[in-house]
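Q: Next up is a structure, given as structure tokens.
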Amino acid sequence: MTDAEGTELFHRTMPFTKALGVEALEHSAEVVRSRVAWSDSLCTLGGVLHGGVLMSLADANGAVCAFLNLPEGARGTTTIESKTNFLRAIRDGYAVATSRPLHPGRRVIVVETEIHDDAGKLVAKVTQSQAVL
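Just so we're aligned, residue 5 is where the sequence shown starts under the working numbering, counting upward by one.
Next comes the structure, spelled out in structure tokens:
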């Protein structure tokens, strides 16, 4: 089941996520989950969901997680570092991203994101740092 309020937050703050078809599943300061559907238009020649799509999903998901963990008085965040490990391909279904704050600091928020396929297998692991604005 999708989270309409969360999806609107993604699309309003990052219009690119609407173009990718990102749907929020859950959003809170503790965990943010979203997904993007496999589509031939988002793939490499071999029918594999492009790594850039997975990185975009993870970056957006992590950004919402960081935003929901902003210290009082902060205006937003911006990604200053991101590390991705790809572990397997997605050839159908959905890529589902789950982000959790590792360090919700006053100047930098560090978020860890895992992307799984429909079978629950780990596809990618991403750690990113978001500067607090």
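No residue lacks a Cβ here, since even glycine has one placed at the ideal position from N, Cα and C.
What distance in whole Å lies between the Cβ atoms of Glu118 and Lys129, which are believed to be in contact at a cut-off of 8 Å?
A: The residue given as residue 129 occupies position 125 in the sequence shown. The residue given as residue 118 occupies position 114 in the sequence shown. Correct: roughly 6 Å between the Cβ atoms.
Q: Starting from the N-terminal side, write out each stretch of the beta strand (DSSP E) that is 3 residues or longer and does not extend beyond the region 55–103.
A: Counting only runs of 3 or more, we get 81–90.
Q: Quick check: the Cα distance between Ile84 and Arg111, rounded to an integer number of angstroms?
A: Within the sequence shown, the letter at position 80 stands for residue 84. Within the sequence shown, the letter at position 107 stands for residue 111. Answer to the nearest angstrom: the Cα atoms are 12 Å apart.
Q: Using the Cβ count rule (16 or more neighbours within 10 Å means buried), how would you classify Gly77?
A: For this step, residue 77 is matched to residue 73 along the sequence shown. With fewer than 16 other Cβ atoms within 10 Å, it is exposed.
Q: If I measure Cβ to Cβ from Leu72 and keep anything under 8 Å in the same chain, skipping five residues before and after, which residues do I get?
A: For the purposes of this step, residue 72 is identified with residue 68 of the sequence shown, where counting begins at 1. Excluding residues within five positions, the ones whose Cβ falls inside 8 Å are His31, Ser32, Ala33 and Val36.
Q: Beta strand (DSSP E) containing Arg39: first to last residue?
A: Residue numbering aside, residue 39 sits at position 35 when the sequence shown is read from its first letter. That run of the beta strand (DSSP E) goes Val36 to Ala41.
Q: Which word fits Pro105, buried or exposed, when buried means at least 16 other C-beta atoms lie within 10 angstroms of its C-beta?
A: Taking the first residue of the sequence shown as 1, we reach residue 105 at position 101. Buried, because 16 or more other Cβ atoms sit within 10 Å of the Cβ of Pro105.
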